[in-house]
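The numbering of the sequence shown is the working numbering, which starts it at 1 and goes up by one.
So the structure is just underneath, and the comments pick up after that.
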Amino acid sequence: MKKKMILLLPLILIELLSNSVAFSQCGGTGFNIGTQWGSKLLVYNCNSTFLCHQFVRLYYESNCEKPTWNNLMNSICSWDPNQYDSPDSYYYDLNTYIKVAEQYANIARYQRRLCGYDHSQVKDSQYPSKYISKYGQDGPVVGHDIHNSTYDISCPGEPSDYTYYYYLGKITGSSQITSTSPVYFSVNSNAGITYSWTVTPLGIVSLSNSSTSNVKVTPIQNGTVTLTLTATTNVGGSISQSKTLTVSIPPSISGNYDNAGYYNQNLLTVNRVSVGGVFIRVSCPGATTYTWQKTSGNINAYLVPGPTASFNMTTGGTITILITAKNGSTTLTSKSVTFYN
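Quick look at the structure:
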């Protein structure tokens, strides 16, 4: 028993010291921090001068290390306005945060009008039953239950005037689309939020999964579009975000061919054909001329510049042709195709 007490003493001292730090470094004011209030000091250095609403933005928008219920820190990042869009705005006025029902929230805000309090707290990322908040401009960062911050404890009466928010984040994804492959754009997913993606003008891209947090965008042609997300909730939350996308797909050669009574067969990279004549047609946006060059194979072919070419396939024959599309003297793109029997 004596050995167990000796082992426990350092832990007890640490808990007591953490509370004393809250008093000594935060203006000597008691903040009701301790096990008797279900709270814990999470950052020993209480010299960061920013408000609880700014702490919410720092917690979700910065790359700083974040305190959690079991991750106590010596200090926390300073509030650097240069790192934030609209640095003078509080989170609840931004279109990256949306009001949600309590069960879907990761932020709680309340205005205790009786005592003049307006306070915000974030849900602990590792311990969802706990919340974290910064007490005042010069106060400490504290972990506590949702209704057990010092403001709840020091203000008489039941907690009231709560509103809940969720950090949706900015639309992620590159604004430059440079291939024909689909690309995805997303925000944070939440079951309590309804998502609706739209795009203007129409005809440049198509959308799939437009009622989810992760929309699929498929390019159709080059141009510039505005991708817009509208997010709503059943408690009156509504925000809208937009992102400008530029579609700039390099030109590509497409075509078809005729062979053995089959017409307009899609021109692939490798094409199996029958014995006999093969007639090829190609096109490429912006091209004014095409050149054809045999690069390998046992088929003889006389290939001249232009949008068409032909040769005669023999039994067991093969030929690979490099097609180059040009606009004047400028090469736009090239494509290698193989035919075999």
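Built from N, CA and C at the ideal position, the CB exists for glycine as well.
- Counting of Cβ neighbours within 10 angstroms places isoleucine 220 among the exposed residues, the total staying below 16.
- DSSP, read as helix, strand or coil, puts tyrosine 166 in strand.
- Sixteen is the threshold: since fewer than 16 other Cβ atoms of the shown chains lie within 10 Å of the Cβ of aspartate 93, the residue is exposed.
- Residue pairing from DSSP places valine 247 in a beta bridge opposite Ile177 and Gly223.
- Valine 199 is a Cβ neighbour of leucine 227, given a cutoff of 8 Å.
- For isoleucine 253, same chain residues with a beta-carbon under 7 Å away, outside a window of 5 residues either side, are Val282, Cys284, Ile323, Ala325, Thr333 and Lys335 in chain order.
- Taken through DSSP and simplified to helix, strand or coil, tyrosine 60 comes out as helix.
- Secondary structure at serine 154: helix, using DSSP grouped into helix, strand and coil.
- Apart from sequence neighbours up to five positions away, the residues of its chain that approach asparagine 259 with a beta-carbon distance below 8 Å are Gln265, Val273, Ser274, Gly276, Gly277, Val278, Phe279 and Met313, ordered along the chain.
- It is roughly 48 Å from the alpha-carbon of asparagine 222 to the alpha-carbon of serine 133.
- When Leu42, Ile76 and Leu72 are compared, the shortest CA-CA separation from leucine 58 is found for Ile76.
- In the DSSP assignment, leucine 332 falls within the beta strand (DSSP E) that extends over 330-340.
- Residue pairing by DSSP puts glutamine 241 in a beta bridge opposite Leu229.
- Remark: C-beta atoms of leucine 207 and lysine 216 approach each other more closely than 8 Å.
- With fewer than 16 other Cβ atoms inside 10 Å of its own Cβ, cysteine 115 counts as exposed.
- When only Cα atoms are considered, leucine 303 and isoleucine 321 end up about 9 Å apart.
- Threonine 163 has its alpha-carbon roughly 22 Å from the corresponding atom of lysine 170.
- Proximity to alanine 105 across Gln83, Gly139 and Ala191 peaks at Ala191, based on C-alpha coordinates.
- A direct Cα-Cα distance of roughly 14 Å separates leucine 168 from valine 122.
- According to the DSSP assignment, phenylalanine 31 belongs to no beta strand (DSSP E), since it is labelled neither H nor E.
- Boundaries of the beta strand (DSSP E) around alanine 325: 318-327.
- Within the segment 46-115, complete alpha helix (DSSP H) segments of at least 4 residues are found at 52-61, given in chain order.
- If you ignore the 5 residues before and after asparagine 271, its C-beta comes within less than 8 Å of the C-beta of Tyr257, Gln265, Val337, Thr338, Phe339 and Tyr340, all in its own chain and listed in chain order.
- Leucine 42 is positioned such that its CB atom lies no closer than 8 Å to that of valine 187.
- The beta carbon of threonine 288 sits closer than 8 Å to those of Lys326, Asn327 and Gly328, all from its chain and outside the five residues before and after it, given in chain order.
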